[in-house]
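Data first, discussion second: the structure below is written as structure tokens.
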Amino acid sequence: MSREHLLAAAFVELADTLVDDYDVVDLLDRLAVHSVRLLDVTAAGLLLDDQRGRGLRVLAASSEQTRLLELFQLQTDEGPCLDCVRTGQPVSVPDLGEAAARWPQFAPKAVQQGFHAVHALPLRLRSQTIGALNLFHDQPASLAEDDLRLGQALADAATIGILHERTVRRNETVVEQLQTALNSRVILEQAKGFLADRGGIGVDEAFDWLRGYARSNNLRLSDAARRVIEDGDFARAVLQSGR
Amino acid sequence: MNDAGRVADLLAGIFRDGPAEVAFERACQACVEALPVSGAAISVMTDTAAWQTLGASDATAAGLEELQFTLGAGPCREAHAVGGPILVADLTDPSAGAGWPMFAARAEELGVRAVFAFPLHLGAIRPGVLGLYRDRSGPLPNDAVRDALLTADMLCLALLGRLAGQDTGNGGSALASMWADHAALGRAEVHQATGMVMARLSVSSEEALARMRGFAFSHGLLLAEVAAGVLARRIVLDHDGATGAG
């Protein structure tokens, strides 16, 4: 598919999702996947400032592979995302091999996982940076000017999706919606574990089955996650559909 | 130590040192001292899905909780239902409190001008709510929001300990362990492991996490380590006890 087609497909899907009654975590999930395709990177994740001063939390990723999530999570204490959130500026590292001094915990771990370039783009809301779009590449690479702009547009779309409005006037709304989004993510993780145990499968697979079931049954991902935990029959149905 | 740490330590100290019955009331008083609010109350949902006030800093705060129980509506109820904070900087603003006009009117009569409700929650685990009230309007400043979020987290942990019958007054290690547990709560593994234990034992999310914490405490492990063990199926929590953990 040409880049134009990819862009159009991404735009249509995101617009559809934003217009309907949507699920934040699912939207960001899709956005992360689109980012990977459009920017030609290996993996993407969306991290949010937890607002407690204790670091960043993963909200969505292009793949739920545990190793990848851990790499995002590792950045709560140091790394390109944290620098990006603190400064409000994009952070680009075309060669992670040279970043060990800058991020002694994160850089070697990332290289170990096969990632050699990383970029972080700020999720901006006026003067605040609420999080970052994190991009990983399996080869050393810079991000071209056009791609940086597109990446920032995707990051801005993520911010809109999280905060539900183009301009949020009250800071209270920002806090309310960010915290609700973070809590939705926790329910999703609990549901993954629940399905993993009942189904005798891994948590990564559990997520795929849950997301697949939610999409085929026109359910919001967050609602499906909650129902897994609250309703044994529902959990069973999800597992059956996955097999 | 930054202010947020101070608030959290204050709370942990209350639960560590004080008798359990008044700990939550003292926690409410601590909130009023440490945060720019004039009243605080903690309510929990009981087994029978009824609400109960666990502690309040004063009669007004207690009254506002009771009012919400009676009406079945209000900022605390909404915060619990929605799974996120409900922050109302000005109750006299007609667009504020749109979902609970009777509550807003009564609260105004009692001299309350702003309400900030923080659910005590971890995903599907949601034992209660912290209601903060103020006699003047105006938003909660960012650092107070941060402190309140941390306070809500710590109260949630304390409630889980209480529900599991874990002794909250077991010395200085309780403070360090609550703070360490809090750090673990940012990790997906802890929540995944909670889900696994829920499924394995067919227990509530609260009980699942409480058991994991109890196991961590009795084996001198970090909560994060227990979670990793559960996920790797090295640690298996059973109804009678547990195997693994070497």
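From first to last, the protein sequence lines stand for chains A and B. If you use this note's numbering, the first sequence corresponds to residues 799 to 1041, in order. If you use this note's numbering, the second sequence corresponds to residues 15 to 260, in order. Note that the Cβ used here is the ideal one computed from N, Cα and C, for glycine as well.
Put simply, the stretch 836-845 of chain A touches the stretch 866-877 of chain A. At least three CB pairs are less than 8 Å apart. For the stretch 867-886 of chain A, residues whose beta-carbon sits nearer than 8 Å to a beta-carbon of chain B comprise 867, 871, 874. In the structure shown, residue 208 of chain B adopts helical secondary structure according to DSSP, grouped into three states. Listed by position along chain A, the residues whose Cβ is nearer than 9 Å to that of residue 41 of chain B form an empty set, because the closest Cβ is around 18 Å away.
Taken atom to atom, the span from the alpha-carbon of residue 901 of chain A to that of residue 939 of chain A is near 18 Å. No Cβ of chain B is located within less than 8 Å of the beta carbon of residue 911 of chain A.
Remark: C-beta atoms of residue 173 of chain B and residue 58 of chain B approach each other more closely than 8 Å. Shown here for residue 937 of chain A: same chain residues with a beta carbon closer than 6 Å to its own, the five before and five after excluded, namely 914 in chain order. Across the stretch 191-205 of chain B, CB contacts with chain A closer than 9 Å involve 196, 197, 199, 200, 201, 202, 203, 204, 205, in sequence order along the chain. Given a length threshold of 4 residues, each whole run of the alpha helix (DSSP H) inside the stretch 916-973 of chain A is given here in chain order: 943-961. Within the stretch 94-180 of chain B, complete alpha helix (DSSP H) segments of at least 4 residues are found at 115-123, 156-177, given in chain order. In this structure, residue 126 of chain B lies near residue 149 of chain B, with their beta-carbon atoms less than 8 Å apart. Close partners of residue 842 of chain A in chain B (Cβ separation under 7 Å) are lacking, with about 17 Å as the shortest Cβ gap. Under the DSSP assignment, residue 225 of chain B falls outside any beta strand (DSSP E), being part of the alpha helix (DSSP H) whose first and last residues are 219-232.
Taking 4 residues as the minimum length, the alpha helix (DSSP H) runs contained wholly in the stretch 34-62 of chain B are 34-48, in order along the chain. With a cutoff of 8 Å on beta-carbon distance, residue 42 of chain B and residue 75 of chain B are scored as near each other. The C-beta of residue 1015 of chain A comes no closer than 8 Å to any C-beta of chain B. Close to residue 164 of chain B, with beta-carbon spacing below 9 Å, are these residues of chain A in chain order: 850, 851, 852. Residue contact with chain B for residue 1039 of chain A: absent (no Cβ-Cβ distance below 8 Å to any residue of chain B). Two segments are said to touch when three or more pairs of C-beta atoms, one from each, lie closer than 8 Å; by this definition the stretch 241-251 of chain B touches the stretch 203-223 of chain B. For residue 800 of chain A, the three-state secondary structure derived from DSSP is coil. In the displayed model, residue 982 of chain A falls within a helix according to three-state DSSP. Among the bridge pairs identified by DSSP, residue 66 of chain B is matched with B/58. With respect to the C-alpha of residue 100 of chain B, the residue from B/21, B/153, B/70, B/61 having the closest C-alpha is B/153. At least one CB of chain A lies nearer than 8 Å to the CB of residue 219 of chain B.
The stretch 130-140 of chain B and the stretch 216-233 of chain B touch, with three or more beta-carbon pairs separated by less than 8 Å. Any Cβ of chain A closer than 8 Å to the Cβ of residue 100 of chain B would place that residue at the interface, and such an atom is present. Of the candidates A/1009, A/1019, A/976, the residue whose Cα lies closest to the Cα of residue 856 of chain A is A/976. Any Cβ of chain B closer than 8 Å to the Cβ of residue 991 of chain A would place that residue at the interface, and such an atom is present. For residue 96 of chain B, the neighbours in chain A by C-beta distance under 7 Å run, in chain order, 978.
Taken through DSSP and simplified to helix, strand or coil, residue 877 of chain A comes out as coil.
In chain order, 138 make up the part of chain B whose C-beta sits under 7 Å from the C-beta of residue 1024 of chain A. For residue 925 of chain A, not one C-beta of chain B is nearer than 8 Å to its own C-beta. Secondary structure at residue 1017 of chain A: coil, using DSSP grouped into helix, strand and coil.
The C-beta of residue 86 of chain B has fewer than 16 other C-beta atoms within 10 Å across all chains shown, which makes the residue exposed. Following the DSSP letters along the chain, one finds residue 1034 of chain A inside the alpha helix (DSSP H) bounded by residues 1030-1040.
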